[in-house]
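Beneath this line is the structure, given in structure tokens, with notes to follow.
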DNA sequence: TGTTTTGTTCTTGTCAATAGAAACAAGGAT
DNA sequence: ATCCTTGTTTCTATTGACAAGAACAAAACA
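Residue numbers (this note's numbering), protein chains in the order written: chain A, 1 to 90; chain B, 91 to 180.
This is how it looks when you write it as structure tokens:
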């Protein structure tokens with residue numbers, strides 16, 4: 001079992017609260033911030049904001065947004081599925 | 091709800107397999123590699139290797155190992171608990 | 001007390017992700 | 001056909017995590 005797979009296994013068994021603490025322990029604050037921004041970009045893409053709107057609102061570069069768009073295109077639909085689920089909850 | 095908390099919430103509901111795919115979608119390969127190494131450092135610290143042994147074996151700097159050791163000292167014991175559980179499974 | 005081992009911090013330089021801005025590509029609307 | 005909007009890529013510079021090694025601190029042990 002690879003290390004990253006072991007991590008995935010562990011995460012799948014943890015509570016939301018524990019995961020939150022764990023992420024703050026194993027990642028730096030700036031990494032947390034980067035990860036949050038990536039996630040927010042993906043969500044906004046799912047809500048059909050234009051890339052320029054997203055870049056402006058989140059203070060990120062256009063290239064980063066485009067990268068997020070690629071994830072949604074090329075992915076096995078996991079991320080795509082997730083943001084759709086989030087959207088339907090509102 | 092913050093973005094990172096939402097991420098924690100989502101992860102807590104996902105299967106190991108989906109988490110693995112998701113991590114590969116939202117992180118770059120070098121980030122995955124970094125994360126894996128941090129996890130491995132934590133595990134080896136839990137097995138009482140010296141920091142110099144760990145640095146040599148994993149080809150990382152001593153300072154990085156020390157950083158891992160700090161996590162285990164200052165943490166709310168989440169990470170510490172995790173690596174202890176891992177150890178007991180063997 | 002002095003020595004050795006181990007943990008921690010510091011300095012210099014490297015590398016990957018990124019911002020910012022511009023350029024380019026592709027469609028749509030007029 | 002010509003704009004105009006939007007998505008994509010490229011360029012340069014910045015930033016943070018990191019390696020390598022040295023220096024320093026602390027603890028164990030003789």
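Beta carbons are placed, not taken as given, at the ideal position from N, Cα and C, and that holds for glycine. Values in this document were obtained by computation on a predicted structure and should not be read as measured data.
Residue i in three-state terms, based on DSSP
i: residue 28 of chain A; result: coil
i: residue 14 of chain A; result: coil
i: residue 179 of chain B; result: coil
Cβ neighbours of residue i in the same chain (closer than 6 Å, five flanking residues each side left out)
i: residue 65 of chain A; result: 41, 51, 54, 55
i: residue 43 of chain A; result: 83
Beta-carbon separation (whole angstroms), residue i vs residue j, contact threshold 8 Å
i: residue 45 of chain A; j: residue 7 of chain A; result: Actually they do not touch by this definition, with Cβ atoms about 26 Å apart.
i: residue 15 of chain A; j: residue 102 of chain B; result: 6 Å
i: residue 68 of chain A; j: residue 38 of chain A; result: 7 Å
Whether residue i touches residue j by CB criterion (8 Å)
i: residue 79 of chain A; j: residue 168 of chain B; result: no
i: residue 4 of chain A; j: residue 113 of chain B; result: yes
Residues near residue i by beta carbon distance below 8 Å, same chain, minus five either side
i: residue 91 of chain A; result: This structure cannot settle anything about residue 91 of chain A, because the visible part of chain A is limited to 1 through 90.
i: residue 99 of chain B; result: 91
Cβ neighbours of residue i in the same chain (closer than 7 Å, five flanking residues each side left out)
i: residue 137 of chain B; result: 177
i: residue 109 of chain B; result: 101
i: residue 58 of chain A; result: 37, 40, 41
The ligand PLP heavy atom lying under 7 Å from the CB of residue i
i: residue 92 of chain B; result: For the structure depicted, the ligand PLP is absent and the ligand set is empty, with no information on it obtainable.
Runs of beta strand (DSSP E) wholly within the segment 44-80 of chain A (minimum 3 residues, chain order) | Listed in chain order, there is nothing to give.
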